[in-house]
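Student:
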Amino acid sequence: MAVDKIRCAWVSSDSLYIDYHDLEWGKPVHDDRLLFEMINLEGAQAGLSWITVLKKRARYKEVFDNFEAEKIIHYDQAKIDQLLQDPGIIRNKLKVNGVVTNAKVFLSIQKEYGSFDKYIWQFVNGETIQNKWKHVSEVPAKTEISDLMSKDLKKKGFKFVGSTICYAFMQACGMVNDHTTDCYCH
């Protein structure tokens with residue numbers, strides 16, 4: 001973690017945030033398990049700040065079996081009730097149940113397309129969209145592509161995948177490069 005580098009204006013001085021920005025955000029992700037993790041974490045963020053989710057990420061991975069969809073689809077009501085009592089995650093009933101629903105849909109998409117990666121990256125034709133924003137104020141909250149992604153994911157049965165969540169997911173997983181031009185990661 002290099003403190004003296006110029007970063008995107010949204011990055012705080014929190015080392016967790018700096019590491020996330022420097023090592024993950026905007027780097028292309030093609031691993032299905034990590035894509036599943038990120039889309040669910042982005043959904044968990046709805047109505048909250050990303051730093052809240054980042055601080056709870058390790059616990060999420062622990063209690064959600066490292067976001068292994070094949071395990072999550074077998075969660076019963078007792079497991080869900082246990083998750084809803086865990087202060088280490090965001091204890092929203094709809095969001096917790098959404099992860100279980102999303103696991104089923106995720107596996108269905110994998111079966112249909114061969115991988116979730118192949119499915120999700122089709123929205124950007126398999127290549128990162130290279131934006132050249134000078135100021136964080138220029139970065140959109142959603143785009144036509146995130147609108148299409150959201151609509152298709154919802155049609156397939158995914159939960160917590162509105163267009164803004166989908167765009168944040170695209171940013172996080174490197175489908176778009178939204179590092180501002182003054183940021184050393186651009």
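Quick note on numbering: the sequence shown equals residues 1 to 186 in the UniProt record's numbering.
For glycine and all other residues, C-beta sits at the position ideal for the given N, C-alpha and C.
1) Could you have a look at Val96 and say whether DSSP puts it in helix, strand or coil?
2) Based on the DSSP output, what are the partners of Val176 in its beta bridges?
3) Flag this pair as yes or no: are the beta carbons of Ala44 and Lys95 separated by less than 8 Å?
4) Taking the C-alpha atoms as reference points, what is the distance between Asn102 and Lys156?
5) Taking C-beta to C-beta, are Met38 and Cys173 nearer than 8 Å?
6) To the nearest angstrom, how far is the alpha carbon of Phe36 from that of Thr52?
7) Measure the beta-carbon distance from Ile73 to Val100 and round it to whole angstroms, keeping in mind my assumption that it falls under 8 Å.
8) Asn40: buried (16+ other C-beta within 10 angstroms of its C-beta) or exposed?
9) Where do the N-terminal and C-terminal ends of the alpha helix (DSSP H) with Gln77 fall, by residue?
10) Across the segment 121–138 and the segment 158–165, are there enough close Cβ pairs to call them in contact, namely three or more that are closer than 8 Å?
11) Who are the Cβ neighbours of Ser146 in its own chain at under 7 Å, not counting the five residues just before and after it?
12) Rounded to the nearest angstrom, what separates Glu144 and Lys56 at their Cα positions?
Tutor: Judging by the given coordinates:
1) In the structure shown, Val96 sits in a helix (DSSP, three-state: H, G or I).
2) According to DSSP, Val176 bridges with Ile129.
3) Taking a C-beta distance under 8 Å as the contact criterion, Ala44 and Lys95 qualify as a contact pair.
4) Straight across, the Cα-Cα distance linking Asn102 with Lys156 is about 10 Å.
5) With respect to Cys173, Met38 sits close: the two C-beta atoms are nearer than 8 Å.
6) When the Cα atoms are used, Phe36 and Thr52 turn out to be separated by approximately 19 Å.
7) About 7 Å; that satisfies the 8 Å criterion.
8) Around the beta carbon of Asn40, 16 or more other beta carbons sit within 10 angstroms, so the residue counts as buried.
9) Unbroken alpha helix (DSSP H) run through Gln77: Gln77 to Leu84.
10) They do not touch, by the three-pair rule.
11) Only Ser163, Cys166, Tyr167 and Met170 meet the Cβ criterion.
12) The alpha-carbon atoms of Glu144 and Lys56 are separated by roughly 31 Å.
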